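Visitor:
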Amino acid sequence: MKINFLILIASLFMNSAMHAQSLQKVVYTDGSQQLNGWVTANKGMAKPGVLILPAWMGADDEARQAASDLEKQGYIAFIADIYGEGNVPQNSEQASKIATHYKTDFKAYQHRIALALEQLKKAGAQTDRLAVIGYCFGGTGALEAARAQLPVQGVVSIHGGLSKGTRPDEKLSTRILVLHGADDASVSETDIRNFTQEVNHSKADWQMIYYANSKHTFTNPASADYNKVMSQRSWQHTLLFLEEILK
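According to this note's numbering, the residues represented by the sequence shown are 5 to 251, in order.
Here it is as structure tokens:
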């Protein structure tokens with residue numbers, strides 16, 4: 005048992021190191037705040053681009069793995085930095101506090117997403133073939149990209165929050181895919197009902213897929229909620245959606 009555990013730890017470390025080698029750090033700014041993004045090695049190749057918004061702990065292994073997989077599929081991927089240098093949370097309590105700030109100050113969140121999107125364009129991504137995907141807190145951000153009417157062809161919210169608070173419904177011109185764990189206790193039935201009303205009111209092109217026996221972070225191998233089968237299905241649904249809107 006101990007040997008198997010050590011093998012697992014070594015494997016995770018090697019995977020993380022491989023992702024780090026294939027991604028290149030990109031330093032950009034928001035005023036005086038330094039931001040640290042990551043771009044795939046195929047930058048500058050005039051390919052469709054996918055902006056990745058990570059979960060509330062920042063650019064984690066799940067975001068890095070997604071970037072690596074997207075590169076293999078022929079996309080330039082860029083992992084956004086929403087928090088900035090010196091503001092990366094060290095634990096869940098800190099992550100909850102800073103993520104709540106951006107979910108509450110949605111304009112600030114939308115602005116940081118827009119800045120990252122500009123970096124994706126600078127990396128060579130085709131400006132008429134752009135999408136945003138996000139996990140958890142980043143899934144909330146993917147919907148904010150749609151609400152801000154950023155110039156993207158589609159967004160994918162992967163177990164993200166759906167609520168926009170008390171804001172009125174606005175135009176949603178981009179295509180929307182929501183991938184949702186059927187047992188996700190962090191998203192209420194009221195949130196789902198309000199989101200459905202929002203997208204229908206704007207006559208958006210949207211789709212929401214439920215995954216059985218899946219709690220909040222069902223796509224993250226590092227999470228106790230991880231559901232391998234449903235995670236693989238959700239990734240295939242993501243790729244199918246991206247192929248439809250970008251290729």
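C-beta: ideal position from N, C-alpha, C; glycine also. For clarity, every value in this text was computed on a predicted model and none was experimentally measured.
(1) Which residue or residues does DSSP assign as beta-bridge partners of R179?
(2) Alpha carbon to alpha carbon, how far is W239 from K111? Give it in angstroms, no decimals.
(3) Counting only the same chain and skipping the five closest in sequence on each side, list residues whose C-beta sits under 6 Å from that of M234.
(4) With DSSP run on the structure shown, which of helix, strand or coil describes Q38?
(5) How long is the line joining the alpha carbons of T194 and S167, rounded to whole angstroms?
(6) In whole angstroms, what is the alpha-carbon distance linking S129 and T178?
(7) Which whole runs of the beta strand (DSSP E) in the segment 40-100 are 3 residues long or more, in chain order?
(8) Let me check one thing: in DSSP terms, what residues is G185 bridge-paired to?
(9) Report, in whole angstroms, the separation of the C-beta atoms of K47 and A127, which I expect to be a contact under 8 Å.
(10) Whole angstroms is fine: what's the gap from H241's alpha carbon to V160's?
(11) Grab the span of the beta strand (DSSP E) containing I136 for me, first residue to last.
(12) Tell me whether M49 is buried or exposed, calling it buried when 16 or more other Cβ atoms sit within 10 Å of its Cβ.
(13) For K207, does the three-state DSSP call read helix, strand or coil?
(14) Ordered along the chain, which non-local residues of its own chain (more than five positions away) have a Cβ less than 8 Å from that of E89?
(15) Which first and last residues belong to the alpha helix (DSSP H) in which V191 is found?
Guide: Taking the definition as stated:
(1) G158
(2) 29 Å
(3) Y215, S218, F222
(4) strand
(5) 9 Å
(6) For the record, residue 129 in the displayed sequence is Ala; it is not Ser. Roughly 18 Å separates the two Cα atoms.
(7) 53-57, 80-83
(8) Y215
(9) 4 Å
(10) 10 Å
(11) This sequence places Val at residue 136; Ile is not what is there. Where V136 is concerned, the enclosing beta strand (DSSP E) stretches over 134-139.
(12) exposed
(13) coil
(14) Q37, Q38, L39, N40
(15) It is not in any alpha helix (DSSP H) - V191 carries neither H nor E in the DSSP assignment.
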